[in-house]
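Peer 1:
Protein chains: 2
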Amino acid sequence: MATTIKNTDKAMIPEPALRRLPWYLAYVTLLDERGIEYVSSTAISRELNVDASQIAKDLSFLNIKGKTRIGYEVKRLCHELQEFLGFKRRHNAVVLGVGSLGGSLIHDSGLGNYGLNIVAGFDINPDIVGKTACGVPILDISSLETTISKLNVEVGIITLPVDHAQEGADRLIQAGIKALWNFTPYRIRAPRGIVITNTSIYAHLAVMYNRLEAQKRIDDNA
Amino acid sequence: MATTIKNTDKAMIPEPALRRLPWYLAYVTLLDERGIEYVSSTAISRELNVDASQIAKDLSFLNIKGKTRIGYEVKRLCHELQEFLGFKRRHNAVVLGVGSLGGSLIHDSGLGNYGLNIVAGFDINPDIVGKTACGVPILDISSLETTISKLNVEVGIITLPVDHAQEGADRLIQAGIKALWNFTPYRIRAPRGIVITNTSIYAHLAVMYNRLEAQKRIDDNA
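Going line by line, the protein sequences match chains H and E.
Okay, so the first sequence: first residue is 0 according to numbering that gives the first Met the number 0, each after it adds one.
Okay, so the second sequence: first residue is 0 according to numbering that gives the first Met the number 0, each after it adds one.
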């Protein structure tokens with residue numbers, strides 16, 4: 000079946016642009032809280048150090064137009080960005096592996112403000128199964144499949160030990176999960192049509208340490 | 000002063016290669032735990048879905064050579080990767096803003112295995128200042144400067160509300176911090192020579208939601 004893809008079609012937006020939109024949202028939310036009514040792409044550019052024409056291009060994917068000399072209406076821009084980014088819609092999620100990192104994510108209530116609704120955690124550790132963490136039930140892994148289908152879960156968050164990451168992912172997909180948010184440093188594989196987002200915070204640490212050492216050498220040689 | 004930069008100089012490694020090294024580490028650690036002694040770049044390639052010649056090139060930055068037909072010694076490769084990535088060195092860090100996300104990071108003891116040693120959290124909330132979280136003291140922001148110089152802190156983790164992110168960063172830099180790990184969606188600016196690593200987990204969520212919606216449209220039209 001043929002589909003017409005419009006300029007505003009969300010599938011068309013390139014990932015770098017998509018990653019910049021939350022920066023704009025953070026900034027315009029701040030402006031809104033300060034009671035500011037209009038903002039130009041030039042002003043956003045100055046504040047965020049992104050080229051103004053790039054900002055205008057990124058925002059052209061949204062259902063909003065800036066006015067000459069005045070710019071974008073701040074409240075409207077906040078709203079459109081949140082809608083576009085999906086932060087206003089509720090996405091049910093489960094956490095697979097409630098160890099230190101998994102527990103931390105359940106603990107981070109801020110995720111709820113960005114549309115992520117963690118409905119359950121799963122583990123095999125008898126010390127925590129049957130308990131709750133910040134109101135979220137921690138269940139035995141054996142009830143994974145029934146929970147996912149019953150609660151209409153879309154996102155599976157993988158915070159398992161590395162050697163169980165792939166097995167866990169396979170099980171989530173089998174149970175009907177459409178998106179995996181992988182926090183392990185393991186490269187999970189999945190069939191076509193399953194969305195995988197890798198957030199490798201340890202890789203970020205590696206980059207930071209490396210740049211820190213390089214900077215130290217520059218400072219030492221200065 | 001002139002410096003000779005060797006091929007093994009860590010400053011030379013491009014960021015994409017640096018980001019792949021923790022994947023290799025995760026995999027070879029697994030092999031080591033399973034008692035496997037040697038691994039070829041072809042075997043790593045099959046498992047991680049990265050081109051074998053790319054892996055060999057990435058590993059050439061390390062102080063290790065693979066042997067023809069046998070490959071890399073697993074134990075040695077683990078060790079060299081950990082050394083190279085800085086995960087074996089201790090980097091003292093403070094968390095600025097012990098809200099939901101800041102508290103989660105303090106809670107994530109896994110970071111310690113990757114060389115990050117959180118020595119204190121800072122906040123202004125009188126309900127939590129003076130307490131400890133997972134053994135880490137939460138101090139009033141007024142003692143930021145003395146703590147940083149006394150404990151030789153290198154890394155400042157920023158988990159403040161967006162509208163305090165820049166101000167917090169400025170204060171950390173003023174106190175002598177060399178690297179900022181920014182978890183806010185705000186684009187922090189810093190003078191040359193300060194390392195900034197942005198981990199925008201909400202931007203990752205935005206990308207995931209967007210891909211999920213796009214996939215739904217594809218499925219609906221199939």
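Cβ atoms here follow ideal geometry from the backbone N, Cα and C, with glycine treated the same way.
Kindly list the residues whose CB is nearer than 7 Å to the CB of ASP57(E), restricted to its own chain and excluding five residues on each side of it in sequence; keep chain order.
Peer 2: ALA16, ARG19 and LEU20
Peer 1: Among the residues of its own chain, which have a CB less than 6 Å from the CB of ALA213(H), if the five just before and after it don't count?
Peer 2: none
Peer 1: What does DSSP give as the partner residues of PRO66(H) in its beta bridges?
Peer 2: According to the sequence displayed, residue 66(H) carries Lys and not Pro. In DSSP, LYS66(H) forms a bridge with GLY70(H).
Peer 1: Suppose you measure from the CA of VAL135(H) to the CA of GLY85(E); what does that come to, to the nearest Å?
Peer 2: 35 Å
Peer 1: For ILE172(E) and ILE193(E), what's the separation of their Cα atoms in angstroms?
Peer 2: Using only the alpha carbons, I get a separation of about 8 Å.
Peer 1: Using a Cβ-Cβ cutoff of less than 8 Å, which residues in the same chain neighbour GLU46(E) once the five nearest sequence positions on both sides are dropped?
Peer 2: Around GLU46(E): TYR26.
Peer 1: Looking only at its chain, what residues have a beta carbon closer than 8 Å to the beta carbon of LEU104(H), apart from the 5 residues adjacent to it on each side?
Peer 2: VAL94, LEU110, ILE117, ILE156, THR158 and PHE182
Peer 1: By alpha-carbon positions, which one of LEU76(H), TYR113(H) and TYR71(H) ends up nearest to HIS90(H)?
Peer 2: TYR113(H)
Peer 1: Using only the alpha-carbon positions, how far apart do ASN62(H) and LEU80(H) sit?
Peer 2: 9 Å
Peer 1: Hey, could you find the ends of the alpha helix (DSSP H) LEU30(H) is sitting in?
Peer 2: 14–32
Peer 1: According to DSSP, is VAL86(H) part of a helix, a strand, or is it coil?
Peer 2: Looking at the sequence shown, residue 86(H) is not Val but Phe. Note: PHE86(H) maps to coil in three-state DSSP.
Peer 1: Since THR146(E) is in the alpha helix (DSSP H), which residue starts that stretch and which ends it?
Peer 2: 143–149
Peer 1: From which residue to which residue does the beta strand (DSSP E) around THR196(H) run?
Peer 2: Run containing THR196(H): 194–197, per the beta strand (DSSP E) assignment.
Peer 1: Count Cβ pairs between the region 64–83 of chain H and the region 119–135 of chain H that sit closer than 8 Å; are there 3 or more?
Peer 2: no
Peer 1: With a cut-off of 7 Å, does the C-beta of ILE54(E) fall near any C-beta of chain H?
Peer 2: no
Peer 1: List the residues of chain H whose Cβ lies closer than 9 Å to the Cβ of ARG89(E), in chain order.
Peer 2: Residues of chain H passing the Cβ test: none, with the nearest at roughly 11 Å.
Peer 1: If you run the structure through DSSP and keep just helix, strand and coil, what is LEU138(E)?
Peer 2: strand
Peer 1: If ALA223(E) and ILE187(E) are in contact, beta carbons under 8 Å, what's the gap, nearest whole angstrom?
Peer 2: Given that chain E is displayed from residue 0 to residue 221, the structure contains no residue 223(E) and the question cannot be resolved.
Peer 1: Enumerate in chain order the residues of its own chain whose CB-to-CB distance from VAL152(E) is below 6 Å, with the five nearest sequence positions on each side excluded.
Peer 2: Excluding five sequence positions before and after VAL152(E), the CB atoms of its chain that fall closer than 6 Å to its own CB belong to ASN91 and VAL93, given in chain order.
Peer 1: Once the 5 residues before and after LYS24(E) are set aside, which same chain residues still bring their CB inside 6 Å of it?
Peer 2: What sits at residue 24(E) in the sequence shown is Leu, not Lys. These residues qualify, in order along the chain: LEU80.
Peer 1: In terms of alpha-carbon separation, which member of LEU211(E), TRP22(E), ALA119(E) and LYS149(E) lies closest to ILE137(E)?
Peer 2: Nearest option by C-alpha distance: ALA119(E).
Peer 1: Do TRP22(E) and HIS184(H) have their beta-carbon atoms positioned less than 7 Å apart in this structure?
Peer 2: One detail in the question is off: residue 184(H) reads as Pro in this sequence, not His. For PRO184(H) and TRP22(E), yes; Cβs fall inside 7 Å.
Peer 1: Under a CB-based cut-off of 7 Å, is VAL206(H) close to chain E?
Peer 2: yes
Peer 1: Is there a Cβ of chain H sitting closer than 7 Å to that of GLN81(E), yes or no?
Peer 2: no
Peer 1: Report yes or no: is there a C-beta of chain E within less than 7 Å of the C-beta of ILE200(H)?
Peer 2: So yes, ILE200(H) belongs to the interface.
Peer 1: Below 8 Å CB to CB, which residues in the same chain sit around ALA164(E) once its five sequence neighbours on both sides are set aside?
Peer 2: ILE157, ASN181, THR183, TYR185 and ILE187
Peer 1: Can you round the beta-carbon distance between SER99(H) and ASP107(E) to whole angstroms, since I take them to be within the 8 Å contact cut?
Peer 2: Rounded to the nearest angstrom, the Cβ distance from SER99(H) to ASP107(E) is 5 Å, consistent with a contact under 8 Å.
Peer 1: Between the alpha carbons of TYR71(H) and ASP50(H), how many angstroms are there, rounded?
Peer 2: Each residue's alpha carbon lies about 16 Å from the other.
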